[in-house]
Structure formats: C-alpha cells, structure tokens
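> Let me give you the structure first, and then I'll get to my questions.
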Amino acid sequence: MSATPEDPAHPPAAPGPSDSPGNGLCGRLIDMSGDGASRGAAHGEELRDLIADSLDRWRADIGRRTGDGPRAYVRAFLASTGFVKTIASASPDLYQEVLAIAAASNQPADDMLVYNMMDEQWRFDRKSNTGCSVIGTAVRNGPDFVLGQNMDLPLSMDGSQAVLRIAGDGRRPDQLVLTAAGLIGLLGVNAAGLACCVNTLGILPAAATGMPVAFIVREVLGHRDAVTAAGYLTSVPHASGQHYAIADRHGLHSYECSARGWAAGPRRDELVHTNHPLWWPDESIAGDVAAVRQISPTTYQRLQALRAGLDRVRASGDLETLLSSSSDGVCVLPTPERASATFCSAEFTLTSPPAVRVALGRPDRTVWTNLGWTNSGPAGAAPPPP
C-alpha cells in the first residue's frame, strides 16, 4: 500500500523501522536486566541519540501545543501534580528506572519524568486527538487466546519506536514491552503468558494525583496471571481515564479505570475496545457522544470495524491483517486536521511462552516481525502464531 504523506510540521524523528534492513528492529531491541537503575542505564545508553532527538521534538511540540517554553511547562506540570510523589512511593523501582534513563542519556531528570507521563500531559493540556484499537478473542478450534493492539500517537513521536526485552528476576517474569525511546513502556506481554493492552479514555475523570498510565502498564506486566494483575489494577489510584485489557491463557479481562474508580467489562471470549467507554456506569459521561467525538473523532468508526473483523480473527488467530487495514480506519493515517497515526502494532498469542509479532511503525507499510524471549538467532526470532 502507498503511504499517506506526512504532516511537514511533524516529520518522522528518524528513518522509521519500516525503512530499515532485515527484520526492521535495527538496534531498537534493548536487552535489560537487574534493578531499575540497571535497566534504565541500559535503555538510556543504547538509545541515547534517539532519546535526545525524541525529547527535542517533544519540547518543540510543547511550544506548538501550549505556547509555553518547555522548561516553564515542565515546572508547571510538576508543581500542579503529585504524580512523582506517587511513583516514588508506590513504584520505587520504576522511578529509579526513569531517573537512570535520564542520567544515561544526558537528559534532565524532570524532563524525563514528565515525558513518561504522556496520558497525564494530555489531560493537563486539555488537548487530545489520539486513540488506540484493541482486540482479543479465543481462537476457534484451539485452546489459545490472542490479544493485540494498534497504538496511535502524535506524529512527532514517529521514528522513536523500540522494544524492551526485560529479563525476569525470579519474582517477575521476562517481559517484552513496546515503547518509544525514553518511555518505560506502552504495552506488552510477559513470558508467563500475561498481556496488557490499553486505550486512552479522555472522557473519563482524571486527577492531579494517582499512578500514571505507563507505570501501571509495567506494574501489571510484573504479575504472572490475569487474576492477580486485575487485583493490582483495581486497587491502585488512577491518574487518567484508561481502558486496560489484560489476558492470559485462561481468558480476557477488561477494566475501564479513572480517578473516580473502575468498571469491569463482562467476561467473554472476545473483546474489542477503542476510545470511548462501553460499560462506565455514569451515562452522563459515557453517553456524551459529541464530547467523545471531539476527543477521539474516529473511535466509533474503529470500534465498528473491529467488530466486523472479529469473526475472521476467531477463525484464524491472525490479527495482523485487521490491524494493518487503513481502508476502514483501524490503522490510523494522518490528516491535515489530525497530526497522529498508528505508531506501532502488536499481536500476542498467549501460548506458553507467548508468540509475539510486532510492527514498529504504521502496520499498513511496516514489516511485521517475530520477537523471541532470548537473543539467540536473528532478533531472537520466534515462530509465528499458529
């Protein structure tokens, strides 16, 4: 398929993985182990140049979005919120990981902390025009569940795609985490067979305190099954409205979370979700279609397309074709009105260990790659899902 021309104000941060030779990872698969400081040091050292470029673009984007200089913006964000205090207290290992990324990449710690609070920045700015598409199902005539996602982000982040391959420590399993350079994570899966995908829900209540989304995702991936992960998810204070899809080989769990609590979706062997609430109990919020469309103009269209394609996925277990489809809007293309696009895609088949396929770029034009749990072979290649 031909690519849609990029917004000239938001060119890719670097030659995208789709333009790289071989399997497309091209130095973007980072092996990490040890405590938070050790993991962050590896991340910051390996991706130092890409992080510098990404944060320069982020700072420039702050000026375009807010009219403020980046230093003033960071100071105002930290002074107006209690997120750092929450992270340092409730998730000290990940807090140290972020600080180590900053130190190893020669970036200011405050900038790196705020950069890792992407969803919370959108609420702080009162501006959001991004989205994500999540789909999960039991595979017909087989024992496996498959869960996957398109992660849609601002065009200014394109080119910063990376994968963190995190070695377990006995308490936490090995993890494969899709991310952007400098971020601790966007979505992922662990070797115990637990996957976590997300959708931002900008219509739901947010707060200036609580745990930011990226840190919740990483904490969830530290659990070995969906039941204990759900226990964490429903006990932590949430800073932002977010849908979390968590799945293991036993089934799919779905939670719409906000600063005012959470609502669980029905337990079924299928799940589709975009960027509006499906079971939030307050209809005055969930049913405000005009407000939802203002925040995420394509959310209803993408949900309809996911539902239309669900039966084909159930029959094959293959999410790649559906997630790569731009004709029905599942793969988001940039427009003059919307400077965002699908940033990366993932398909997790929850075998033991899971089979993982990713597209580090817009999936309609990026080669999908198998990821393995070790660094043996080309990129640790794993066999594709059945």
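Numbering-wise, the sequence shown is residues 325 to 710 according to the numbering used here. We put the beta carbon where it would ideally sit given N, CA and C, even for glycine. Note that the coordinates shown come from a computational prediction; the quantities given were computed from them, not determined experimentally.
Just to confirm, is the Cβ distance from residue 514 to residue 497 under 8 Å?
In this structure, residue 497 lies closer than 8 Å to residue 514 by Cβ.
> Per DSSP, what kind of secondary structure is residue 654 in: helix, strand or coil?
Residue state, collapsed to three classes: coil.
> With DSSP run on the structure shown, which of helix, strand or coil describes residue 346?
With a pLDDT of 41 at residue 346, under the threshold of 50, the modelled position of this residue cannot be trusted; read the value that follows with caution. Residue 346: coil per DSSP, three-state reduction.
> Measuring CA to CA, which of 406, 461, 402 is closest to residue 433?
The shortest Cα separation from residue 433 among 406, 461, 402 belongs to 402.
> Taking the CB atoms as reference points, tell me whether residue 553 and residue 562 lie closer together than 8 Å.
No, these two residues do not count as a Cβ contact at 8 Å.
> With a threshold of 7 Å on Cβ separation, who are the neighbours of residue 652 within its own chain once the five nearest residues in sequence on each side are excluded?
The answer, listed in chain order, is 629.
> Kindly indicate the opening and closing residues of the alpha helix (DSSP H) around residue 586.
Segment 585 to 588 is the beta strand (DSSP E) holding residue 586; no alpha helix (DSSP H) there.
> With a threshold of 16 other CB atoms inside 10 Å of the CB of residue 600, please say whether the residue is buried or exposed.
Residue 600 is buried by the Cβ-count criterion.
> Using CA coordinates, which residue listed in 470, 439, 360, 525 is at the minimum distance from residue 386?
For residue 386, the nearest C-alpha among the options comes from 439.
> Secondary structure at residue 416, three-state DSSP: helix, strand or coil?
Helix.
> Where residue 692 and residue 487 are concerned, what is the direct C-alpha to C-alpha distance, given to the nearest angstrom?
Spanning the two alpha carbons is a distance of roughly 13 Å.
> Work out the CA separation of residue 382 and residue 481 for me, nearest whole Å.
Answer to the nearest angstrom: the Cα atoms are 8 Å apart.
> Assuming contact is defined by CB atoms lying nearer than 8 Å, are residue 472 and residue 622 in contact in what I supplied?
No, they are not a contact pair.
> Just reading off the beta strand (DSSP E) that residue 570 is part of, what are its end residues?
First-last of the beta strand (DSSP E) with residue 570: 566 to 572.
> Please work out which residues of its chain come closer than 6 Å, Cβ to Cβ, to residue 510, disregarding the five sequence neighbours upstream and downstream, and give them in chain order.
475, 502, 503, listed in sequence order.
> If you check the beta carbons only, do residue 378 and residue 506 fall under 8 Å apart?
Yes. Within cutoff.
> In its own chain, which residues sit with a C-beta less than 7 Å from the C-beta of residue 643, not counting the 5 before and 5 after it?
Around residue 643: 459, 470, 472, 637, 671.
> Would you identify the three-state DSSP class for residue 496, choosing helix, strand or coil?
Residue 496 falls in the coil class under three-state DSSP.
> Along the chain, where does the beta strand (DSSP E) containing residue 485 start, and where does it finish?
Residue 485 -> beta strand (DSSP E) spans 485 to 490.
> Mark residue 586 as exposed unless 16 or more other C-beta atoms lie within 10 angstroms of its C-beta, in which case mark it buried.
Its Cβ being crowded by 16 or more others within 10 Å, residue 586 is buried.
> Please report how far the alpha carbon of residue 659 lies from the alpha carbon of residue 479, in whole angstroms.
In a straight line, the C-alpha of residue 659 is about 10 Å away from that of residue 479.
> Confirm, please, whether the CB-CB distance from residue 597 to residue 571 is below 8 Å.
No, the Cβ-Cβ distance between residue 571 and residue 597 is not below 8 Å.
> Hey, how far is the Cα of residue 684 from the Cα of residue 668?
Rounded to whole angstroms, residue 684 to residue 668 spans 5 Å at the Cα level.
> Classify residue 607 as buried or exposed, calling it buried when 16 or more other Cβ atoms lie within 10 Å of its own Cβ.
Exposed, since its Cβ has fewer than 16 Cβ neighbours within 10 Å.
> Quick one: grab the DSSP three-state call for residue 519.
Residue state, collapsed to three classes: strand.
> Taking the alpha-carbon positions, what's the residue 592 to residue 522 distance?
Approximately 18 Å, taken between the alpha carbons.
> Tell me where the alpha helix (DSSP H) around residue 402 begins and ends.
394 to 404 is the span of the alpha helix (DSSP H), which, as asked, contains residue 402.
> In angstroms, rounded to a whole number, what distance separates the CA positions of residue 397 and residue 419?
C-alpha separation (whole angstroms): 21 Å.
> Could you give the C-beta distance for residue 532 and residue 368, rounded to a whole number, given that I count them as a contact under 8 Å?
Contact flag wrong, Cβ pair sits at about 28 Å.
> Can you grab the Cα-Cα spacing for the pair residue 370 / residue 354, in whole Å?
Approximately 7 Å between the Cα atoms of the pair.
> Take residue 447 and list the residues in its own chain whose beta-carbon comes closer than 7 Å to its own, dropping the five residues that flank it on each side.
Once the five neighbours on either side are set aside, the close Cβ partners of residue 447 are 530, 564.
> Can you list, in chain order, the residues of its chain with a C-beta nearer than 8 Å to that of residue 538? Leave out the 5 residues immediately preceding and following it.
Excluding positions up to five away in sequence, the list reads 440, 441, 442, 443, 507, 508, 509, 510.
> Around the C-beta of residue 654, are 16 or more other C-beta atoms found within 10 angstroms, so that it is buried, or is it exposed?
With 16 or more Cβ atoms within 10 Å of its Cβ, residue 654 is classed as buried.
> From what residue to what residue does the alpha helix (DSSP H) around residue 476 run?
Careful: residue 476 lies outside any alpha helix (DSSP H), inside the beta strand (DSSP E) at 469 to 478.
> Give me the Cβ distance between residue 520 and residue 526, rounded to the nearest whole Å; I'm assuming they're in contact under 8 Å.
Their Cβ separation, rounded to whole angstroms, is 19 Å, which puts residue 520 and residue 526 out of contact at 8 Å.
> Taking the alpha helix (DSSP H) that residue 646 falls in, what are its first and last residues?
Its alpha helix (DSSP H) spans residues 644 to 647.
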